[in-house]
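Asker: Adding 548 to a residue's 1-based position in the sequence shown gives its number in the numbering used here.
Before I ask anything, let me first share the structure, which is written out below as structure tokens.
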Amino acid sequence: MTDVPPADTPPASAPSTNAPSADDSREILMALDGVTLAFGPKVVQQDVSFTVRRGSIFAVMGGSGCGKSTVLKSMIGLLRPRTGRYLVGDEDYWRADDAHRVSVNRRFGVLFQSAALWSSLTVGENVALPMQMFTQLDAAAIRRLVELKLGLVGMLSAIDQYPAELSGGMKKRAGLARAMALDPDILFFDEPSAGLDPITSARLDELIVNLRDGLGATIVIVSHELPSLFAIADDGLFLDAQSHRPIARGSPSWLRDHCDDPQVFAFMHRARPETPAERHE
549 MTDVPPADTP
559 PASAPSTNAP
569 SADDSREILM
579 ALDGVTLAFG
589 PKVVQQDVSF
599 TVRRGSIFAV
609 MGGSGCGKST
619 VLKSMIGLLR
629 PRTGRYLVGD
639 EDYWRADDAH
649 RVSVNRRFGV
659 LFQSAALWSS
669 LTVGENVALP
679 MQMFTQLDAA
689 AIRRLVELKL
699 GLVGMLSAID
709 QYPAELSGGM
719 KKRAGLARAM
729 ALDPDILFFD
739 EPSAGLDPIT
749 SARLDELIVN
759 LRDGLGATIV
769 IVSHELPSLF
779 AIADDGLFLD
789 AQSHRPIARG
799 SPSWLRDHCD
809 DPQVFAFMHR
819 ARPETPAERH
829 E
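And the structure:
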């Protein structure tokens, strides 16, 4: 992909703080280039540019209301950018026809914040649904694959349970199994640790890393849960709610240890941002 600036040569609108570039030869799976996202006259984020490489866990970070989930919605095809390009491979997603976008979307798996399980279906039926809709597999083959996906997330014993019978962590794992139903190239997670206790959250973090390491999955995660971000993400972008722009690029751990932007520092260290007057004392 030669027509999108690589992460180590940012354009003029790039974040003001960037981690030192690593010698990373992994394939670029997707890239946002100068993207502006808006609802009517309200601009949520502008000048958003970054790349996601195969096998990475890329975090979209920032405080509440900065537009993290809006960026994810655009990446999974639910919100067309006002300006800029979104490339998946070498194809401009939003310039492609509807049939091509549907084909691309089948390469995505999405875990929504609430898990978004169908309450009237069992866990197994929830996981089976994408296979029934988008493949020609028979019932026996689908059942075997459902058992495989649930086994990967430690939920095989809950295959015949309904979502109302599950804990919050179990719902997230069931949602993750469904996200993997069609063997996607890229997984998108919207606040996967939200509402979970620390132990359950840590177990989910471990599961996400195992999926990356064991299956070679590429993951884009939206989160403001610092322990999870530090534990799993190896790259990321920090969005600022005040300027409506990305202001820092790098892994959460690098930003915590090296970024001196006051907004990023305050977020990463759970501190109150300094006022301009305090900054100059």
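Using N, Cα and C, we set each Cβ at its ideal position, and we do this for glycine too.
Going by DSSP, what residues sit across from asparagine 674 in a beta bridge?
Answerer: The residue you call residue 674 lines up with position 126 of the sequence shown. Answer is none; asparagine 674 lacks a bridge partner.
Asker: Taking all protein chains shown into account, do 16 or more other C-beta atoms lie within 10 angstroms of the C-beta of aspartate 731, making it buried, or fewer, making it exposed?
Answerer: Here the question's residue 731 lines up with position 183 in the sequence shown. Answer is exposed; the Cβ neighbour count stays below 16.
Asker: By the three-class DSSP mapping on this structure, what secondary structure does glycine 716 have?
Answerer: Taking the sequence shown and counting its residues from 1, one reaches residue 716 at position 168. Of the three classes helix, strand and coil, the one that applies to glycine 716 here is helix, per DSSP.
Asker: Please tell me whether leucine 580 and phenylalanine 606 are closer than 7 Å, where the distance is taken between their beta carbons.
Answerer: Position 32 of the sequence shown holds residue 580. Position 58 of the sequence shown holds residue 606. Their beta carbons are not under 7 Å apart, which means leucine 580 does not touch phenylalanine 606 by this criterion.
Asker: Please tell me whether, using a cut-off of 6 Å, the distance from the CB of glutamate 739 to the nearest non-hydrogen atom of the ligand FAD is below it.
Answerer: In the structure on display, the ligand FAD does not appear, and there are no ligands present to speak of.
Asker: For leucine 685, which three-state DSSP category applies?
Answerer: Taking the first residue of the sequence shown as position 1, residue 685 is located at position 137. Coil at leucine 685, not helix or strand.
Asker: Going by C-alpha to C-alpha distance, which of Arg797, Ile780, Gly637 and Phe682 sits closest to asparagine 758?
Answerer: The residue you call residue 758 lines up with position 210 of the sequence shown. The shortest Cα separation from asparagine 758 among Arg797, Ile780, Gly637 and Phe682 belongs to Ile780.
Asker: Could you tell me the distance, in whole angstroms, from the CA atom of histidine 817 to the CA atom of aspartate 686?
Answerer: For the purposes of this step, residue 817 is taken as residue 269 along the sequence shown, with counting starting at 1. For the purposes of this step, residue 686 is taken as residue 138 along the sequence shown, with counting starting at 1. Rounded to the nearest angstrom, the two C-alpha atoms are 52 Å apart.
Asker: Are the region 684 to 702 and the region 645 to 657 in contact at 8 Å, needing three or more beta carbon pairs?
Answerer: no
Asker: Can you check whether the CB of aspartate 738 is closer than 7 Å to the CB of valine 770?
Answerer: To locate residue 770, count along the sequence shown from 1; it is residue 222. To locate residue 738, count along the sequence shown from 1; it is residue 190. In contact: valine 770 and aspartate 738 (Cβ atoms closer than 7 Å).
Asker: On the DSSP bridge list, what partners appear for glutamate 754?
Answerer: Numbered from its first residue, the sequence shown carries residue 754 at position 206. Bridge partners of glutamate 754: none, in fact.
Asker: Isoleucine 747 by DSSP, collapsed to three states: which one?
Answerer: In the sequence shown, residue 747 corresponds to position 199, counting from 1. Note: isoleucine 747 maps to helix in three-state DSSP.
Asker: For my contact list, alanine 725 and lysine 697 are in at a C-beta cut-off of 8 Å; report their separation, rounded to the angstrom.
Answerer: Residue mapping note: residue 725 aligns to position 177 of the sequence shown, counting from 1. Residue mapping note: residue 697 aligns to position 149 of the sequence shown, counting from 1. Right, the Cβ-Cβ distance comes to about 4 Å (below 8 Å), so this counts as a contact.
Asker: Given this structure, state the Cα-to-Cα distance separating leucine 700 from alanine 706, to the nearest angstrom.
Answerer: Taking the first residue of the sequence shown as 1, we reach residue 700 at position 152. Taking the first residue of the sequence shown as 1, we reach residue 706 at position 158. Their Cα atoms are separated by approximately 13 Å.
Asker: Give the range of the alpha helix (DSSP H) segment to which aspartate 783 is assigned.
Answerer: Sequence index remark: in the sequence shown, residue 783 carries index 235 (1-based). No alpha helix (DSSP H) holds aspartate 783; the beta strand (DSSP E) holding it covers 783 to 788.
Asker: Please name the residue, chosen from Pro629, Val592, Thr683 and Arg751, that lies closest to lysine 616 on a Cα-to-Cα basis.
Answerer: By one-based count along the sequence shown, residue 616 stands at place 68. When each option's Cα is compared against that of lysine 616, the closest is Val592.
Asker: State yes or no: is the C-beta of arginine 574 within less than 7 Å of the C-beta of arginine 602?
Answerer: Counting from 1 along the sequence shown, the entry for residue 574 is found at position 26. Counting from 1 along the sequence shown, the entry for residue 602 is found at position 54. Yes.
Asker: For the alpha helix (DSSP H) that alanine 814 lies in, which residues bound it at each end?
Answerer: The sequence position of residue 814 within the sequence shown is 266, counting from 1. Its alpha helix (DSSP H) spans residues 810 to 816.
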